[in-house]
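**Student:** In order, the protein sequence lines correspond to chains C and U.
First residue of the first sequence: 359, per the numbering used here; consecutive thereafter.
First residue of the second sequence: 13, per the numbering used here; consecutive thereafter.
Virtual Cβ for every residue (Gly too), placed ideally from N, Cα, C.
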Amino acid sequence: MNAGTDTKNRILSTARELFHNRSYADVGIKEICSAARVQKGSFYHFFPSKRDLAMAVIDDMAEDWAHGFVAEAFDRNLPPVERLDYMVDAAYYWQKAAHDIEGRMPGCLFGNLALEVSTRDEVLRAKLNAVFDKASSRFEQTLEEAVESGAIAPLDTQATAQAMLAYLEGVILLAKTRNDPDVVLRLGPAIKTLRIERRTPN
Amino acid sequence: MTETAHTLDARGLNCPLPILRTKKAIAGLDVGEVLEVTSSDPGSLKDMDSFCSQTGHEMLSSGEVDGDFVFRIRKA
């Protein structure tokens, strides 16, 4: 890895951690540079603005997730409905591990950012919306397979997928507010019970 | 006496991947069979304990071996 890539990655991972544990607005470029041991000039070489950094952090995290636990949970070798349990487990253990270390539940970085910036920054809102759309499509694909295999009765896969994502994000938000990862464990598995019927033509 | 165990190498993976891989590996075993998991993630110590208490699988042993964490879990 060359020095430039190393510096850029250091900025990204530092910003990701600070945004996640605190908030986007609360963390300034100066603090990120100092925590990442990077000069300000070097920061602006990679990221013209804080928003550009946030866009890169979102891409970076989405990429990590897609190849990490999301790929592991939405494993095509698993029966479709079981993949939902794996997703809930992933959310629980991930939040619990952070809680064990920090004493606080960080919540979902994408959910946190969406709540914080959606009314303030149209570009970031659209970016986060795209991330949620992508997540939703993983659920949708799973539901389509579940319907095809006969595991569940036909339903509106797109709307149900969005409801499942909304439920998981909501459960994580409630658990964060209670600072108790066990909320995810208690409520999460009911994600499988969600279903939105197809609209019948009038 | 040490029972022959199925093995899972989860070194280099961070939470929650070791748990997800463990769950998958155990799903493929028969009741009573033993899985030996090796992880490099220190968080695994607590995670594997809570995984066992939630699923009912029995933690036969857990400990540090050469800087990694080794768990022997019997499927319930």
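Where does C:G508 sit, in a helix, a strand or coil, going by DSSP?
**Tutor:** DSSP places C:G508 in coil when its eight states are reduced to three.
**Student:** If we cut at 8 Å on Cβ distances, does U:D59 have a partner in chain C?
**Tutor:** Output row for U:D59: interface = yes.
**Student:** By how many angstroms is the C-alpha of U:S56 removed from the C-alpha of U:L47?
**Tutor:** Spanning the two alpha carbons is a distance of roughly 15 Å.
**Student:** Is the region 514–521 of chain C touching the region 489–503 of chain C, taking contact as three or more C-beta pairs under 8 Å?
**Tutor:** The answer is yes - the region 489–503 of chain C touches the region 514–521 of chain C, with three or more Cβ pairs under 8 Å.
**Student:** Report yes if the C-beta distance between U:I38 and U:K87 is below 8 Å; otherwise report no.
**Tutor:** Yes, Cβ-Cβ distance for U:I38 and U:K87 is below 8 Å.
**Student:** Would you identify the three-state DSSP class for U:E76, choosing helix, strand or coil?
**Tutor:** DSSP places U:E76 in strand when its eight states are reduced to three.
**Student:** Can you give me the C-alpha to C-alpha distance between U:V77 and C:Y525, rounded to a whole angstrom?
**Tutor:** Looking at the two C-alpha atoms, the distance is approximately 40 Å.
**Student:** Using the rule of at least 16 other Cβ atoms within 10 Å of the residue's Cβ for burial, across every protein chain shown, is C:S392 buried or exposed?
**Tutor:** It is exposed - the Cβ of C:S392 has fewer than 16 other Cβ atoms within 10 Å.
**Student:** Please list the terminal residues of the continuous alpha helix (DSSP H) segment that includes C:E440.
**Tutor:** Unbroken alpha helix (DSSP H) run through C:E440: 438–460.
**Student:** Starting from the beta carbon of C:G386, find every residue of chain U whose beta carbon is closer than 7 Å, and list them in chain order.
**Tutor:** Ordered by position in chain U, no residue passes the 7 Å Cβ test against C:G386, which lies about 28 Å from the chain.
**Student:** Buried or exposed: which applies to C:S407, given that a residue is buried once 16 or more other Cβ atoms fall within 10 Å of its Cβ?
**Tutor:** Exposed, because fewer than 16 other Cβ atoms sit within 10 Å of the Cβ of C:S407.
**Student:** So, using beta-carbon positions, are C:G426 and C:I530 closer together than 8 Å?
**Tutor:** Cβ atoms of C:G426 and C:I530: not closer than 8 Å.
**Student:** Have a look at U:M13 and U:E45 and give me their C-alpha separation to the nearest angstrom.
**Tutor:** Confidence at U:M13 is low in this model, with a pLDDT of 48, below 50, so the placement of that residue is unreliable and no value is reported for it.
**Student:** Using a Cβ-Cβ cut-off of less than 8 Å, list which residues of the region 424–437 of chain C approach chain U; keep chain order.
**Tutor:** Going along the region 424–437 of chain C in chain order, one finds G426, F427, E430, A431, D433, L436 with a Cβ nearer than 8 Å to chain U.
**Student:** Return the chain-ordered ranges of every beta strand (DSSP E) run that is complete within the region 466–527 of chain C and spans a minimum of 3 residues.
**Tutor:** Counting only runs of 3 or more, we get nothing.
**Student:** Against U:I31, what residues of chain C qualify as contacts under a CB-to-CB distance less than 7 Å, listed in chain order?
**Tutor:** Within chain C, the residues near U:I31 are D447, Y451.
**Student:** Tell me, to the nearest whole angstrom, how far the beta carbon of C:V344 is from that of C:T365; I am working on the premise that it is less than 8 Å.
**Tutor:** It is not possible to answer for residue 344 of chain C, since the shown part of chain C is limited to 359 through 560.
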